[in-house]
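2 protein chains.
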Amino acid sequence: MRFPKLFERLATLAPLPPDEWEKAEAVAKEQVLAKRELFLRPGDAADRFAVVLQGVFRAVRVSARGEASIKAFRAEGELIGAYAEMLQGLPSMTSIEALEPSRVLVFQTREFQALEQGHVCWERLARRVAEHHFILKERREQEFLDLSAEERLVKFWEEHPHLHGRVPQRDVAAYLGITEVALSRIMSRRRKRPE
Amino acid sequence: MRFPKLFERLATLAPLPPDEWEKAEAVAKEQVLAKRELFLRPGDAADRFAVVLQGVFRAVRVSARGEASIKAFRAEGELIGAYAEMLQGLPSMTSIEALEPSRVLVFQTREFQALEQGHVCWERLARRVAEHHFILKERREQEFLDLSAEERLVKFWEEHPHLHGRVPQRDVAAYLGITEVALSRIMSRRRKRPE
DNA sequence: CCGCCGCCTTAACCTGGGTCAAGCCGAGGT
DNA sequence: ACCTCGGCTTGACCCAGGTTAAGGCGGCGG
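Chains as they are written, first to last, in this note's numbering: chain A, 317 to 511; chain B, 317 to 511.
What follows is the structure, encoded as structure tokens:
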């Protein structure tokens, strides 16, 4: 077993026999990405996903009008991929970019589906993953509905302290749904009135 | 089989043997709700969900500060329930209210779990449901990030024409993340400059 | 028939965040 | 050492939407 820590992590989501995990490792390929390199670009087929072994990524949605907003940051142990597009069989509308030199473990969806045929544990895991992602998105929805930009910022750093210093401010702003300029203003405001 | 149309609908999501559906019908209970009656109130255990047979519901999140925002409207054929709380074993933070005299088909989560033990089709269905809900939430996230209130309004009516005349404007506003007043302004603006 | 209530609209005023544009560093590259 | 360039800040101005408050209007109960 090449990735025992990853195995343990996944096994907490759903029971996962070690030999099934070894089969998965056999079809997965490690990939190294330089800073600024893309794991996925818009227009690509959404036929693969990966687990981050090391590094940080940003998932950027490129809207029809060329605007770019950030859907998520992903660091060690988390999944990257154009999940929604994959589920719908659409080409990716997301670009996924390494913000640091990174390493990921890549799965082709075809090969993952083959694993699902072999043992129900993979379907169960996929269910838990879907449910988990749902919970994250619902939490985010609630923040847009109930919180001001400043409150969302505070919450962001509470929930993602490990991203400190690893993601540019402009990207945090794009994640919060505001501009770089507004973020800067909010920060200076807080500096003056600490609470 | 008491609800053949519902069976057909679910069978499009994941293969569902008719006899399994009959087992489900056997444990489900029909419930009638008057206008304004609550299917779920905040604080309740999130131990049941239902399919809407007739009527419209609104799912309202009551934030800590007493603010109320609307997570979703649900009409015929759709699911109601405090899904995120159910997944996390938390008490409901959502109130689900009938906007019209309604009928729903109620399942206890315990009983649904028993169905899951009996046949994998239920786990597969649950997975598809989770994935579907994820896609909906992600779409909504994107709308908050990329669109103005006016654009969100237009899209809302494009996507939910069947709700026309069935939900109060103030609720539409709360769903879009704006006030009743702002919604009214946007509408009068559009009346004057039709495009 | 009247008055109340729920729901919607309108108006006046305020404010958070957008836009545009001018700096200000600090890290590389030459 | 210098230049550039990318990322951050700041200021001036603008506008969408929030807040408050005053009606309008249709339906329903008394």
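Every residue gets a Cβ at the ideal spot worked out from N, C-alpha and C, and that includes glycine.
Min CB distance residue i to chain B below 7 Å
i	result
S385/A	yes
I451/A	yes
L403/A	yes
R390/A	no
S379/A	yes
A414/A	no
G519/A	In the structure as shown, chain A starts at 317 and stops at 511, and residue 519/A therefore has no counterpart that could be examined.
R364/A	no
R486/A	no
R443/A	yes
V468/A	Val is not the amino acid found at residue 468/A; the sequence shown has Arg there. False, the Cβ-Cβ gap to chain B never drops below 7 Å.
E353/A	no
E454/A	yes
E457/A	yes
C-beta atoms of residue i and residue j nearer than 7 Å
i	j	result
R318/A	E341/A	yes
A391/B	V372/B	yes
G397/B	L461/A	no
S411/A	L463/A	no
R482/B	L329/B	no
F423/B	A344/B	yes
C437/B	L332/B	yes
E454/A	R468/A	no
L600/B	E447/A	What is shown of chain B runs 317 to 511, which leaves residue 600/B out entirely.
R440/B	Q370/B	no
H449/A	F450/B	yes
Nearest-angstrom beta carbon gap, residue j and residue i [assumed within contact, 8 Å]
i	j	result
E401/A	P407/A	7 Å
E413/B	V368/B	About 12 Å; that fails the 8 Å criterion.
Own chain, CB closer than 8 Å to residue i, minus 5 neighbours either side, in chain order
i	result
E466/A	I502, R505, R506
A498/A	A465, A489
L431/A	E336, K339, A340, V343, W438
E346/A	L369, R419, V420, L421, V422
H480/B	W473
E394/B	V367, V368
R426/B	D363
Cβ of residue i within 7 Å of any chain A Cβ
i	result
G393/B	no
F460/B	yes
A340/B	no
G493/B	yes
E447/B	yes
S496/B	One point to set straight first is that residue 496/B is Glu, not Ser, in the sequence displayed. No, E496/B lies away from the interface with chain A (no Cβ there is under 7 Å from its Cβ).
A400/B	yes
Chain-order list of residues whose beta-carbon lies under 7 Å from that of residue i (same chain, five-residue window excluded)
i	result
H294/B	Nothing can be reported for residue 294/B: it is not among the residues displayed for chain B, which extend from 317 to 511.
A388/A	A375
V525/B	The structure shown does not extend to residue 525/B, since chain B is modelled only from 317 through 511, so no value can be given for it.
V378/A	P358, A384, M409, S411
Same chain only: Cβ atoms within 6 Å of residue i, ignoring 5 sequence neighbours per side
i	result
E496/B	R486, A489
L326/A	L332
Y399/A	none
I386/A	R374, V376, D487, A490, Y491
Residue i: CB within 6 Å of a non-hydrogen atom of the ligand ZN
i	result
G393/A	Because no ligand of any kind appears in the structure shown, any question about the ligand ZN cannot be addressed here.
Using a Cβ distance threshold of 8 Å, determine whether the stretch 458 to 478 of chain A contacts the stretch 350 to 366 of chain A, with at least three qualifying pairs required. no
State whether the stretch 475 to 495 of chain A contacts the stretch 479 to 492 of chain B, with contact taken as three or more CB pairs (one from each stretch) at a distance under 8 Å. no
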